[in-house]
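Residue numbers (my numbering): 9 to 762. Since the structure comes first, as structure tokens, the remarks are kept for the end.
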């Protein structure tokens with residue numbers, strides 16, 4: 009009879025000794041341990057409480073066979089933490105094959121450089137190539153000489169290993185190679201650090217606006233009731249390009265011909281429903297989609313929220329909207345100079361836009377937190393400020409948030425905010441952007457309905473002259489640009505039939521599903537301050553803590569002051585606080601147990617007094633009375649009421665007049681305007697402030713004081729540290745428009761087109 013062999017019944021010839029490094033994390037039955045020492049007798053591990061536990065090698069071997077032990081190599085190293093910051097919980101095997109292969113190829117190039125560096129200029133290959141540098145280094149001149157040699161060596165080695173098939177990649181520039189080399193070294197020689205975080209199709213961005221404008225004419229021919237084939241439209245385009253190039257134009261411009269696949273991808277990027285409705289009619293498209301999709305799958309609003317970010321190519325965007333030629337030369341130059349990134353959040357069940365945040369800065373935790381705060385906040389004020397015909401009522405606390413593994417989304421502050429919302433943070437497969445497809449489809453299909461938002465007169469408002477120097481060239485006013493696009497989203501996108509909803513509009517889907525399923529309401533003011541407030545460190549005095557000329561006090565604050573002062577030679581008692589730009593009547597501070605406690609203002613600050621109104625009122629006081637006169641609370645609140653009545657703070661309160669404030673902004677505000685505290689001369693409780701007044705165009709009457717505050721922020725700080733390791737994503741119109749790659753099923757099922 010056969011006997012079942014188990015680890016207990018099997019007599020091993022020898023018990024192996026498993027090595028545990030000093031930076032490894034050993035998990036046994038769910039308990040995390042680290043190694044203290046190892047001998048031939050066994051291993052001693054310790055837990056988080058520094059309690060030592062001995063294990064024999066036999067025990068470790070048996071636990072290994074029983075799958076009770078797990079080892080995370082180099083878990084506690086600095087390089088491991090850097091990789092966790094950049095890539096989250098991803099392993100290199102989680103990425104697409106072509107990304108992994110390129111990362112491994114780059115790793116071999118870096119390893120080959122390290123070998124050259126170790127031997128120096130005496131390396132036989134360098135001698136044969138006539139190397140004349142003083143030493144092998146990461147200098148630009150040295151790398152210009154070395155990189156082609158390294159590429160040849162690694163490519164030949166890889167080709168031999170793959171049966172002669174050539175495997176090679178484009179060399180990085182010397183500066184980029186040095187950056188990759190340092191990342192690889194700092195990550196403890198882990199190839200994961202070399203994996204590109206770019207998402208979307210592998211594509212190149214075409215910046216020739218005239219080419220795109222010509223191509224779009226023949227794309228429109230496909231979306232016609234005569235239903236021509238893609239091939240016939242492409243052949244017409246080729247003939248037109250040849251004719252234009254043969255006729256020597258005055259400016260000598262030479263038109264380019266896209267590949268057939270790129271042209272077909274340009275057609276497909278307009279969306280299946282849009283093309284079908286144009287070719288067959290709305291009734292045909294609606295009925296076919298109802299049959300094909302089998303009705304809408306019931307989901308709750310907020311069940312899954314997708315967030316994505318990318319760089320917007322404004323030239324291509326305005327060309328798609330057929331308004332580029334409506335702009336003057338000055339306006340075109342201003343647009344070409346502009347660099348705009350957008351972060352978008354969309355509800356999967358209803359396709360409603362929950363957040364749209366534009367920024368001049370590269371994506372960082374600053375932009376991702378601003379967008380997340382919009383998701384969980386009431387945005388009806390924003391829709392009133394931009395003059396939208398429909399309110400932006402789509403606000404909730406998501407159950408699951410899907411993002412990619414970009415630095416802005418895996419940053420500690422963003423992940424902490426998601427965790428504080430008790431929201432599940434999930435990462436979809438790489439190379440499949442979340443919100444990008446929906447938003448780009450919107451940009452592509454709005455057609456002429458969008459044009460009146462960008463009429464010549466209106467677009468001129470988006471340009472602003474230099475305030476200090478009238479001769480400065482015009483630049484893009486991001487606040488006005490943001491306002492127009494938000495208004496278009498609310499008035500056009502949310503009220504346009506969406507193919508993913510079976511021809512239902514996102515607005516109707518929201519109303520229908522929100523009546524069937526309960527949604528989690530947006531967060532309150534205290535939670536918003538605790539989760540998204542700006543974190544500052546302040547000294548505790550007998551009056552509490554001070555911020556922007558206001559003292560806040562609490563019994564726990566004074567207890568912390570007494571306890572810290574009772575320690576001999578102790579530092580000045582300090583505390584971490586969080587302040588909200590939208591309500592100065594209270595702050596949150598972290599007590600000795602790490603909990604956030606609310607502290608009220610010691611003077612009568614009304615609820616909903618914003619930092620924008622408060623600073624503007626203080627500036628007005630200083631201009632009238634000078635720095636020596638002490639400001640009274642009654643006079644400050646009188647100025648705040650006047651500012652509200654004129655509507656000058658409406659746009660900033662809505663989030664359209666200033667970027668998310670950081671600690672450096674508060675330091676500047678206090679240094680410039682609040683060297684002394686405000687005197688409370690009100691005997692009664694704080695008066696109520698009048699509601700905000702919204703003027704016809706609130707962006708024409710913004711608070712100038714915050715222009716100087718934001719201008720004072722150094723550009724080095726604006727980039728934010730995590731932007732240094734950012735792999736910039738493709739333009740919003742690169743992949744879907746010009747890609748020669750085919751992702752497989754494109755969703756088009758017209759007769760004769762498959």
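All C-beta atoms in this analysis are idealised placements derived from N, C-alpha and C, irrespective of residue type, glycine included. Only a predicted model underlies this, so the values are computations on that prediction, with no experimental measurement involved.
query: Sorted by chain position, which residues of the same chain lie with C-beta nearer than 8 Å to residue 160's C-beta, five sequence neighbours on each side aside?
result: none
- prompt: Do the stretch 138 to 147 and the stretch 225 to 242 make contact, defined as three or more Cβ pairs closer than 8 Å?
  reply: no
field: Length of the line joining the Cα atoms of residue 628 and residue 585
entry: 28 Å
query: Can you tell me where the alpha helix (DSSP H) with residue 628 in it begins and where it stops?
result: Boundaries of the alpha helix (DSSP H) around residue 628: 619 to 633.
message: Do residue 60 and residue 52 have their beta-carbon atoms positioned less than 8 Å apart in this structure?
response: Cβ atoms of residue 52 and residue 60: closer than 8 Å.
- prompt: Who are the near neighbours of residue 174 in its chain, counting only those whose CB is closer than 6 Å to its CB and skipping five residues on each side?
  reply: 167
Cβ neighbour criterion (16 or more within 10 Å) applied to residue 675: Per the 10 Å Cβ criterion, exposed.
- request: Answer yes or no: do residue 312 and residue 404 have a C-beta to C-beta separation smaller than 8 Å?
  value: no
- prompt: Given a threshold of 16 other Cβ atoms within 10 Å of its Cβ, counted over all protein chains shown, does residue 55 qualify as buried or as exposed?
  reply: exposed
- prompt: Can you list the alpha helix (DSSP H) stretches of 4 or more residues lying completely in the stretch 498 to 548, in chain order?
  reply: 514 to 524 and 533 to 540
Contiguous beta strand (DSSP E) assignments of at least 3 residues, all confined to the stretch 587 to 613: Listed in chain order, they are 591 to 598 and 604 to 609.
task: Taking only heavy atoms of the ligand GDP into account, decide whether any of them is closer than 7 Å to the Cβ of residue 201.
output: Inclusion of the ligand GDP in the displayed structure is not the case, the ligand content being empty and no account of it being possible.
task: Count the other CB atoms, across all protein chains shown, that sit within 10 Å of the CB of residue 360; report buried if there are 16 or more and exposed otherwise.
output: Buried, since its Cβ has 16 or more Cβ neighbours within 10 Å.
- prompt: Per DSSP, what kind of secondary structure is residue 195 in: helix, strand or coil?
  reply: coil
field: Those runs of the alpha helix (DSSP H) which lie wholly inside the stretch 549 to 582 and span at least 4 residues
entry: Complete alpha helix (DSSP H) runs here, min 4: 563 to 573.
query: Assuming residue 588 contacts residue 537 under a Cβ cut-off of 8 Å, what Cβ separation, rounded to an integer in Å, is found between them?
result: Right, the Cβ-Cβ distance comes to about 4 Å (below 8 Å), so this counts as a contact.
query: DSSP state of residue 266, grouped into three classes?
result: It is coil, neither helix nor strand.
- prompt: Would you say residue 350 and residue 364 are within 8 Å of each other, going by their C-beta atoms?
  reply: yes
- prompt: Tell me which same chain residues have a C-beta within less than 7 Å of the C-beta of residue 534, skipping the five on either side of it?
  reply: 606
message: Between 553, 110 and 677, which has its C-alpha nearest residue 199's C-alpha?
response: 110
query: So residue 559 packs on residue 642, CB below 8 Å; how close in whole Å?
result: Residue 559 to residue 642, Cβ: 17 Å. No contact.
For residue 283 and residue 507, the rounded distance between their alpha carbons: Each residue's Cα considered, the two are about 11 Å apart.
- prompt: Can you name, in chain order, every residue of its own chain whose Cβ lies under 6 Å from the Cβ of residue 391, other than the five neighbours on each side?
  reply: 399, 400 and 498
- prompt: Could you give the distance in angstroms between the alpha-carbon of residue 529 and the alpha-carbon of residue 430?
  reply: 13 Å
task: Mark residue 419 as exposed unless 16 or more other C-beta atoms lie within 10 angstroms of its C-beta, in which case mark it buried.
output: buried
query: Count the other CB atoms within 10 Å of the CB of residue 241; is the residue buried (16 or more) or exposed (fewer)?
result: buried
field: First and last residue of the uninterrupted beta strand (DSSP E) at residue 54
entry: 50 to 54
message: Could you tell me the alpha carbon to alpha carbon distance between residue 309 and residue 387, rounded to whole angstroms?
response: Cα to Cα, residue 309 sits roughly 16 Å from residue 387.
field: Buried/exposed call for residue 317, threshold 16 Cβ in 10 Å
entry: buried
message: I'd like the list of long-range same chain contacts for residue 381, defined as Cβ closer than 6 Å, with 5 residues on each side in sequence excluded.
response: 540
message: Applying the 10 Å Cβ sphere with the 16-neighbour rule, what's the burial state of residue 581?
response: Around the CB of residue 581, 16 or more other CB atoms lie within 10 Å, so the residue is classed as buried.
message: Buried or exposed for residue 339, going by 16 or more other Cβ atoms inside 10 Å?
response: buried
query: CB residue 32 to CB residue 43, shorter than 8 Å?
result: yes
- prompt: Roughly how many angstroms lie between the CA atoms of residue 264 and residue 219, to the nearest whole one?
  reply: 6 Å
Bridge partners - residue 423, DSSP secondary structure assignment: Residue 423 pairs with nothing; no bridge assigned.
- prompt: Are the Cβ atoms of residue 314 and residue 356 separated by less than 8 Å?
  reply: yes
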